[in-house]
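Residue numbers (numbering that gives the first Met the number 0), protein chains in the order written: chain A, 0 to 529; chain B, 0 to 524.
Everything on this sheet refers to the single structure shown next.
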Amino acid sequence: MAEQRLGLLAVRPILAMNLLATLLAIGQVYAVSMLLVGRDFGSFAGLFATLALSRAALSYAIEMRAFGIGASARRRLRTDLLGRLLAAGPAMLRTRHSVELTAVVVDRVEALDGLFARYIPAAVFALGGPVVVLAAVMAFDPWSAAVLLGCGLLVPIAMAVAGIGAAAATRRQFLAMERLQARFVDRIRGIATIVLLGRAEDEATRMAAAADELRVRTMRVVRVAFLSSAALDLAAALALISIAVHFSMGGAALPVALFVLLLVPEFFAPIRAFSAAYQDRLHATAAAEAMVDVPPLPAPLPPREIRTVAAQGITVVFEDVRFTWDRARPTALNGLSFRAAPGEILVLAGPSGAGKSTIIEMLLGFIRPDSGRVTINGADIADVVPQALSRFTAWIGQRPVLFAGTIRDNIRFARPEATDAEVAAAAASARVTDFADALPQGLDTPVGEGGFGLSGGEAQRVAIARAYLKDAPLLLLDEPTAHLDPATEAEVLESLQRLAIGRTAILASHSAAAHTFGGRRLNIREGRAA
Amino acid sequence: MIADLLRILGLWRGRVLWLTAGVLVSLAAVASAVGLMAYGGLAATGLLGLPPILRALGAGRVLLRYTERMVTHAAMFRAQSDVRVWFFRRLASGSAGGLGFRRAGDLLARLVGDVQVLDGLYLRILVPLAGAVLLLPIVVWGSGPIVGALFVLAAFVMPWFAARAARQAGDSLAKTAGGLRVAALDALTGLREVRAFAAEGRMLALVQAREAALLAAQHALAGRVALAGALAFLCGQAALLGALWQGEFLAVFLVVAGFEAIGGLPRAGALIGHAAAAARRVLEAADTPDPVPDPVDAAPPPAGTRLRFEGVCFRWSPDRPDVFDGLTLDIPQGARIALLGPSGAGKSSLAALVLKVAVPQAGRITLGDTDIATIPAASLRARIAWLSQATHLFDDTIRANLLLARPEATDTDLWAALEAARIAEIVRALPDGLDTWVGEGGTRFSGGQGRRLALARTLLSSAPILILDEPCAGLDAETERAFLTVLNNVAEGRTVVLIAHRLVGVERLDRIFRLSRGKAVAAAG
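Written as structure tokens, this is what we have:
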């Protein structure tokens, strides 16, 4: 609503320009009528041409102004939305596919452009424009004015009838589009698996079904738009014919008849623009609904410093922590308590699904305990802003996400302001250099999606280099070797062991090799320490 | 530019009836609009008194206009679906080895954004152009050569110039729109990394920068479109003035109706550059050559499943070291063998060669005594099930993920496979059982569980040859032994190639090979 009010303010100059354009159009119609009945060609042609030039300039200005309004609205909304998504963090990915979230940030914000650049200006002008034309007609032929008014009033009624269910249709169209997008990206990411299983044709058929659903949904939406535009055409034709018949029976002098007749399209032009933009509003409404699903920015927490002096290190304490991912699943953490002292290496052991990853995610601040307390150096983790939390933690997961760029870019991601020498040192410590040196472009070798071009172990080494570069006092390792063969696993664990020296390290692993990691072992069974 | 657009038109072939119908209805709508205007004008000025015809034309015009829009859009959306499916098929045919350096977000931008842009080619350019061709003789006949010349200017010359002037802007618009989507998807896929490294601000700034580039491109294009629109308007006004100068009523009304029908063309012309750039991006991504094209004349399906490598030499690219240097290996039908070797010894490359993801530089590989180079890839892959390190779990249910391997499998088959992969118990405990959603990339399961689901999928396949690449990675020692014991019985009668770093001791194997220095050496069992 606040957005709409903002939009209304911004369109005032457009409204003024539009009204001016209508006045110019009336002037042109007057000139044409005069010319048609054979008045002095030179002067009326001059008037007509001058008005035409002004209208052209005006329409250009209106268009560019509307673009500016739409662009700044999109800029503002996209920043706000993405900021909220980034603040909500990885918990979003449990329930929504990253592609759906991307569609919200990209497509739905783009869809709002229509609301600001077209719908709001058109809606404001849909009343003013016709009234000005009506006044001009009224001055010469009240009967025609009455006909125009009657036909004009038919339009909103017809549009409302045609538009019943339109909002639902638009919502379904968006859903169909997101479904197609998510399906495509998901299948494309696993395209090799599909091709090697010989299922490419089946998937193409399913893709066709998803594309077809989108087509059917889109047709339902455009049908509404076309119906309301047909209603408009009908009203305009009705007006034109009634007035023409009225004049053909000798209703008025020829110049007046021409003037009124030629004004009919001008009367309907603003309504036509409004009807065309109505679809934009439907899109925008549906788009806005999806944005409401995105959680608002969390209220800023009072800054609370955590003692992170390296000499003191980091103490992590879990006190009777309970957590459930969703009601359909068994409880992930069920009254878990433990303590990790500064500089200690704590190995969380237990079968997969025991709740080890949940502990790590909690320490990363991705999720909050349902009950109980997690403290870091005595401060409740719930009171620590995510940025402060991530300042003193380094995390290595099962499979690192490598971004578009080179190996060097991906290491530097941990600390953008690091010098080349620091990046090189981190690469050497994590033994990235061992394999990077064999590559033709070394650290500047580009990396594909999912770490293409690198083996699983090599990608994990890049993640270790990130942790070296970050040099944080708390190290969280979530099954860092789950996807690695035993030889690579041993090498990676050896690198991690060196990285863990002098830090509080928590390693979640069910691998037998983790026994050799050293440190204290905490067995987790069904969400509690066994 | 033109060549790309023509190729896209070629892709619409299948919908030629729909598309033609759209053009014909549109022509009828244009004709009725012009007729209505001419008759209406003449009737009003008392030169003609035929109200019945007028009513018919009025009603016909409304009906035709609605039908035109419905038919042209229905035709276009059908053609659009076709292009999307074609795009996916083309991508699949060249991607047995995965996406490589292409990014899913970029391909998505092409599938969604760029394909959508192409609809303007038909709806806003081709259909109105057909109308313009129909109208030209009528306008020349009714309004004279000067107005006719202006009509040609607005309908054909200005769109062409607009297309030229806006080409650059359209080009960068297509690119920057894709860039924004890639950046947003990158940031949101990597939400964990972003949070863990407090990169929220950086990611937001990156997306904002991409958005700024997009807005700049849109602004440049919008300016040209608006200019083309204003010039088209002026052209129409000049024509009107020309008709008025002649002083004929019919001429005036024809000009009004005629220019209304084609007034959008110069604007649409400015969008051609964008459409052409979009077409190029779609075609470019779809044109990735298949690294291992199918043989021209395929051999009949091989009789047996004996696999032989004869002097195979292979490297992934000329600047990478040799993986195999004269590899010779014989795997008899139904044999159970293990291939051991440290990481980097080429264990996965061997599977890639057998599945024709890559081709050896020298030597040959035979299946049932037929060179696999002469066997179509699809028929070869139907005989071999491969559990790779990169096997992907799809954002779908467990059932759908498993059925990929054998669509006709019954629930009993699915449970048997889950049982063999030692994951049935966990799945049974889930409230939705087989219908549990696995999440993006299998995120709703832990790494080890996801790996076992992938393993179950491979075991479910009915292929006579199983290649299992480190099937026990991510399993704990106990589960690993249990799985290998089950494997001894599950794959009875099938060839099993177990690729591993080491053996546990419970495997029942016929032969063991060790890969070293690009060759396979028989090792003592």
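For glycine and all other residues, C-beta sits at the position ideal for the given N, C-alpha and C.
Note that the structure is a prediction, hence the values are computed from the model and not measured.
**Message:** Strictly by DSSP, which residues pair up with Glu309/B?
**Reply:** According to DSSP, which records beta bridges pairwise, Glu309/B is partnered with Arg363/B.
**Request:** Can you give me the Cβ contacts of Ala269/B inside the same chain, cut-off strictly under 6 Å, excluding the 5 residues immediately before and after it?
**Result:** Excluding residues within five positions, the ones whose Cβ falls inside 6 Å are Ala161, Ala165, Arg223, Val224, Ala227.
**Item:** Cross-chain neighbours of Trp394/A in chain B, by beta carbon under 7 Å
**Value:** Here the neighbours are Ala195.
**Prompt:** In whole angstroms, what is the alpha-carbon distance linking Arg307/B and Cys471/B?
**Reply:** Each residue's Cα considered, the two are about 26 Å apart.
**Prompt:** So, helix, strand or coil for Ser31/B, using DSSP?
**Reply:** Looking at Ser31/B - three-state DSSP - the assignment turns out to be helix.
**Request:** In the DSSP assignment, find the unbroken alpha helix (DSSP H) run with Phe323/B in it and report its ends.
**Result:** Note, Phe323/B: premise wrong, no alpha helix (DSSP H); beta strand (DSSP E) at 323-330.
**Request:** Give the range of the alpha helix (DSSP H) segment to which Ser378/B is assigned.
**Result:** Secondary structure note for Ser378/B: its alpha helix (DSSP H) is the uninterrupted segment 376-380.
**Message:** Could you check whether the Cβ of Ala426/A sits closer than 8 Å to any Cβ belonging to chain B?
**Reply:** No, because no Cβ of chain B sits closer than 8 Å to the Cβ of Ala426/A.
**Prompt:** Roughly how many angstroms lie between the CA atoms of Thr307/A and Ala87/A, to the nearest whole one?
**Reply:** Here Thr307/A scores only 49 on pLDDT, less than 50, and its place in the model is too uncertain to base an answer on.
**Asked** For the beta strand (DSSP E) that contains Val496/B, what are its first and last residues?
**Response** First-last of the beta strand (DSSP E) with Val496/B: 494-499.
**Prompt:** Where Glu247/B and Phe150/B are concerned, what is the direct C-alpha to C-alpha distance, given to the nearest angstrom?
**Reply:** If you take the alpha carbons of Glu247/B and Phe150/B, they lie about 17 Å apart.
**Asked** According to the neighbour-count rule (16 or more other Cβ atoms, all chains shown, within 10 Å of its Cβ), is Ile137/B buried or exposed?
**Response** Buried, by the Cβ-count rule.
**Request:** Hey, could you find the ends of the alpha helix (DSSP H) Phe183/A is sitting in?
**Result:** From DSSP, the alpha helix (DSSP H) with Phe183/A extends over 165-188.
**Whole-number beta carbon distance between Ala276/A and Tyr118/A, since they are thought to touch under 8 Å** = At roughly 4 Å, the Cβ-Cβ gap stays under 8 Å, so Tyr118/A and Ala276/A are in contact.
**Request:** Please report the Cβ distance between Gly143/B and Ala250/B, rounded to the nearest whole angstrom; I am assuming they are in contact, meaning their Cβ atoms lie under 8 Å.
**Result:** Gly143/B to Ala250/B, Cβ: 7 Å. Contact.
**Message:** Using 8 Å for Cβ pairs, my map puts Ala166/A next to Ala285/A. What's the rounded Cβ distance?
**Reply:** With a Cβ gap of about 7 Å, Ala166/A and Ala285/A count as contacting.
**Asked** Shorter than 8 Å from the beta carbon of Pro406/B to some beta carbon of chain A?
**Response** Judged by the 8 Å Cβ criterion, Pro406/B is in contact with chain A.
**Asked** Cβ of Glu469/B less than 8 Å from any chain A Cβ?
**Response** Answer yes: the Cβ-Cβ gap between Glu469/B and chain A drops below 8 Å somewhere.
**Proximal residues to Ser428/A (C-beta, below 6 Å), its chain only, five neighbours per side dropped** = Answer for Ser428/A: Tyr467, listed in chain order.
**Prompt:** Helix or strand or just coil, what does DSSP make of Trp315/B?
**Reply:** The answer is coil: DSSP assigns Trp315/B none of H, G, I, E or B.
**Asked** If you scan the region 104-172 of chain B from start to end, which runs of the alpha helix (DSSP H) of 4 or more residues do you find wholly inside it?
**Response** Runs of the alpha helix (DSSP H) inside the region 104-172 of chain B: 126-151, 157-164.
**Asked** So who's on the other strand from Val316/A, going by DSSP bridges?
**Response** Answer is Arg338/A, Thr374/A, bridged to Val316/A.
**Request:** Starting from His500/B, find everything on chain A with Cβ-Cβ shorter than 7 Å and list it in chain order.
**Result:** Think of a sphere of 7 Å around the beta carbon of His500/B: the chain A residues whose beta carbon falls inside it are Asp484, Pro485, Ala486, in chain order.
**Item:** Buried/exposed call for Gln311/A, threshold 16 Cβ in 10 Å
**Value:** It is exposed - the Cβ of Gln311/A has fewer than 16 other Cβ atoms within 10 Å.
**Message:** Helix, strand or coil for Trp394/A? Go by DSSP, reduced to three states.
**Reply:** Strand at Trp394/A.
**Asked** Does any residue of chain B bring its CB to less than 8 Å from the CB of Thr515/A?
**Response** Closer than 8 Å: no.
**Asked** Which term fits Met176/A, buried or exposed, when burial requires 16 or more other beta carbons within 10 angstroms of its beta carbon?
**Response** Under this definition Met176/A is a buried residue.
**Prompt:** Going straight from the alpha carbon of Gly432/B to that of Asp412/B, what length do you get?
**Reply:** So the alpha carbons of these two residues sit roughly 15 Å apart.
**Beta-carbon proximity of Gly517/B to Leu349/B, cut-off 8 Å** = At a Cβ-Cβ threshold of 8 Å, Gly517/B and Leu349/B do not count as neighbours.
**Message:** With distance defined between alpha-carbon atoms, name the residue in Gly377/A, Asp79/A, Asp279/A nearest to Phe115/A.
**Reply:** Nearest of Gly377/A, Asp79/A, Asp279/A to Phe115/A, Cα basis: Asp279/A.
**Message:** Assuming the contact rule is C-beta atoms closer than 8 Å, Ala135/A and Leu19/A should be a hit. Round their C-beta distance to whole Å, please.
**Reply:** About 14 Å separates the beta carbons of Ala135/A and Leu19/A, which is beyond the 8 Å limit, so they are not a contact pair.
**Message:** According to DSSP, is Leu231/A part of a helix, a strand, or is it coil?
**Reply:** DSSP places Leu231/A within a helical segment (H, G or I) once states are collapsed to three.
**Asked** Would you say Thr480/A and Glu493/A are within 8 Å of each other, going by their C-beta atoms?
**Response** Contact flag unset, no.
**Request:** For the alpha helix (DSSP H) holding Arg12/B, just list the boundary residues, first then last.
**Result:** First-last for Arg12/B: undefined, no H or E at that position.
**Asked** If you pair each beta-carbon of the region 74-90 of chain B with each one of the region 16-31 of chain B, do three or more pairs fall below 8 Å?
**Response** Yes, the region 74-90 of chain B touches the region 16-31 of chain B.
**Asked** Among all the DSSP beta bridges, which residues are the ones paired with Ser515/B?
**Response** In the DSSP output, where bridge partners are listed per residue, Ser515/B has Lys518/B.
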